[in-house]
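J.: Below is a structure I'd like to ask you about.
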């Protein structure tokens, strides 16, 4: 079943890309929320977490009204010749937005567990804030960030509601979840089952990796 | 471990690159974008594949619930041709002034039918596989404990089913037994599984399934008018090609395919 395989490959690639896209803002937000007190903190936290509680279709609708050719961001991007709706970019955006809250929450817990004293010591030894972040905070929070990335990636893999609103179910943008919907919708049970098998295998692999990471990190830390 | 993850990411991103730019921003050479109700995926895949082969026109089919498709078009999605499973969603797009005038047409119709599981838990209808219900009122028999229909508050097939049951005075009597589902496929699957004793679905769905038996066909004259409207949208990039495709979908070859799937195709237009 070449179609099933190409859809699976595309989904994994898009989810990986979405994870890369959400990492910089996600880690920054996680660090900010863990280490700084600032005005509008609650608002930032709420906005990031919104996709977690909103129905995914509603998130898709919000993204569509922002990024559609008639939306403010969509119009701006269109002016630069960049289409979002119904392209692979839409898939990545939908996945990244849906995965971000999981990344931020997990990474934030990671940063909160870093002993503040190490950061302060680094600062007294003359390290600037950036250097402290990259050589002390980030490595010590690494496991949390990594776990968050794997969670965000897994969420991205299974994303359906926002994707089908923003990216449609075109042959060129179809992900595993959307394909399963289309196949069941058209009574192609065999294809749906095949897709289901592939999806379960990938999810199994992702969980295996994340568990492996967790134990590896544990050994590394206790040694 | 960090390295193994980054290798994995690098490989997958590399794999994604060639599939990337399938819808560029240039308007020429762009495939025709057809947004169609999910229930039409099968027939339209057959027809567009044939059309692509005959004419060399490339077509991309975007299939979802008609309500989602309408929202996408209203948000500005560059759809060339919209085929809706119900009139209301097409009306919404038309009311926004997004259809090309004079292109809207009802492609074909459908019919409501009552189906029962092939192997019902409680045999509520005569075992004879050819037996039909005398009328929809047979559903009042106590054996029909649960009846699946599309959600009557918005899913087209459910709205139609309620409007029919209301018109024959059965809605209030059956109300307690109704199991709303999210679309016609879900209603069909619920009947197939035997979780309900009967269901009201489209004739086309009943014909596509081996797990259900049609026991009553709502006469077209008695039931609500079920039509699938199609129209060109204003934001399509290639109206001439879209118009040719729409004409093809009304032509004899397409009519045969629609008829075979169980749709009710109107008499040929002059």
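Chains as they are written, first to last, in this note's numbering: chain A, 1 to 223; chain B, 224 to 493.
Every residue, glycine too, gets a C-beta built ideally from N, C-alpha and C.
Treat the numbers as computed from the prediction; the structure is a model and nothing was measured.
For residue 295 of chain B, go through chain A and note every residue whose CB falls closer than 9 Å to its CB, in chain order.
T.: 64, 68, 85, 86, 165, 166, 168
J.: Tell me residue 370 of chain B's beta-bridge partners as DSSP assigns them.
T.: Under DSSP, residue 370 of chain B forms a beta bridge with B:401, B:421.
J.: Let's test the definition: count the other Cβ atoms within 10 Å of the Cβ of residue 316 of chain B and tell me whether it reaches 16, buried, or not, exposed.
T.: buried
J.: Should residue 89 of chain A be labelled buried (16 or more other beta-carbon atoms within 10 Å of its own) or exposed?
T.: buried
J.: Can you tell me where the beta strand (DSSP E) with residue 314 of chain B in it begins and where it stops?
T.: Looking at the DSSP string, residue 314 of chain B is not in any beta strand (DSSP E); the run it does join, the alpha helix (DSSP H), is 310-318.
J.: Which same chain residues, not among the five before or five after residue 6 of chain A, have their C-beta less than 8 Å away from its C-beta?
T.: none
J.: Determine contact between the region 109-120 of chain A and the region 75-88 of chain A, defined as no fewer than three beta-carbon pairs at a distance below 8 Å.
T.: Counting Cβ pairs under 8 Å, fewer than three are found: no touch.
J.: Against chain B, with Cβ distances strictly below 7 Å, would residue 223 of chain A count as a contact?
T.: Residue placement at residue 223 of chain A is flagged as unreliable, the pLDDT there being 41, under the threshold of 50; the coordinate-derived value follows with that caveat. For residue 223 of chain A, the answer is no, since every Cβ of chain B falls outside 7 Å of its Cβ.
J.: Residue 286 of chain B to residue 477 of chain B, Cα distance in whole Å?
T.: 18 Å
J.: With a threshold of 16 other CB atoms inside 10 Å of the CB of residue 357 of chain B, please say whether the residue is buried or exposed.
T.: Counting C-beta atoms within 10 angstroms of its own C-beta, residue 357 of chain B has fewer than 16 neighbours from the protein chains shown and is therefore classed as exposed.
J.: Taking beta-carbon pairs under 7 Å, can you tell me which members of the region 174-186 of chain A lie near chain B?
T.: When C-beta distances to chain B are compared with 7 Å, the residues of the region 174-186 of chain A below that value are 182, 184, 185, 186, in chain order.
J.: What residues in its chain sit with their C-beta under 7 Å from that of residue 301 of chain B, if we drop five residues either side in the sequence?
T.: Leaving aside the five residues that flank residue 301 of chain B on each side, the residues in its chain whose CB is nearer than 7 Å to its CB run, in chain order, 256, 458, 459, 460.
J.: Given a threshold of 16 other Cβ atoms within 10 Å of its Cβ, counted over all protein chains shown, does residue 262 of chain B qualify as buried or as exposed?
T.: buried
J.: By how many angstroms is the C-alpha of residue 147 of chain A removed from the C-alpha of residue 73 of chain A?
T.: 31 Å
J.: Identify the continuous alpha helix (DSSP H) that holds residue 71 of chain A and give its terminal residues.
T.: Unbroken run through residue 71 of chain A: none, as it is neither H nor E.
J.: Check whether chain A comes within 7 Å of residue 300 of chain B, counting only Cβ atoms and requiring the distance to be less than that.
T.: The beta-carbon of residue 300 of chain B is placed less than 7 Å from the nearest beta-carbon of chain A.
J.: When DSSP labels each residue in this structure, what does residue 332 of chain B get in the three-state scheme?
T.: strand
J.: Does any C-beta atom of chain A lie closer than 7 Å to the C-beta of residue 250 of chain B?
T.: With a pLDDT of only 41 at residue 250 of chain B, under 50, the local geometry of the prediction cannot be trusted, and the value read off the model is given with reservation. Cβ-Cβ to chain A under 7 Å: no for residue 250 of chain B.
J.: With 7 Å as the threshold, decide whether the Cβ of residue 431 of chain B is near any Cβ in chain A.
T.: It does: the Cβ of residue 431 of chain B has a partner Cβ on chain A nearer than 7 Å.
J.: Within a Cβ cutoff of 8 Å, which residues of the same chain sit near residue 359 of chain B, ignoring the five residues on either side of it in sequence?
T.: Excluding positions up to five away in sequence, the list reads 337, 387, 388, 391, 393, 439, 441.
J.: Using a Cβ-Cβ cut-off of 7 Å, state whether residue 283 of chain B counts as contacting chain A.
T.: yes
J.: Is the Cβ-Cβ distance between residue 175 of chain A and residue 163 of chain A less than 7 Å?
T.: yes
J.: Do the region 141-158 of chain A and the region 95-102 of chain A make contact, defined as three or more Cβ pairs closer than 8 Å?
T.: yes
J.: Where are the alpha helix (DSSP H) runs, 4 residues long or more, that stay fully inside the region 18-96 of chain A, in chain order?
T.: You should have 41-53, 56-67, 72-79.
J.: Under 7 Å, do residue 427 of chain B and residue 486 of chain B count as touching if we go by C-beta distance?
T.: yes
J.: Cα separation between residue 413 of chain B and residue 99 of chain A?
T.: 32 Å
J.: DSSP on residue 449 of chain B, reduced to helix/strand/coil?
T.: coil
J.: Should the region 101-110 of chain A be regarded as contacting the region 43-56 of chain A, the criterion being three or more beta carbon pairs within less than 8 Å?
T.: yes
J.: In chain D, what lies closer than 9 Å to residue 265 of chain B by C-beta?
T.: Chain labels in this structure do not include chain D; the protein chains are A and B.
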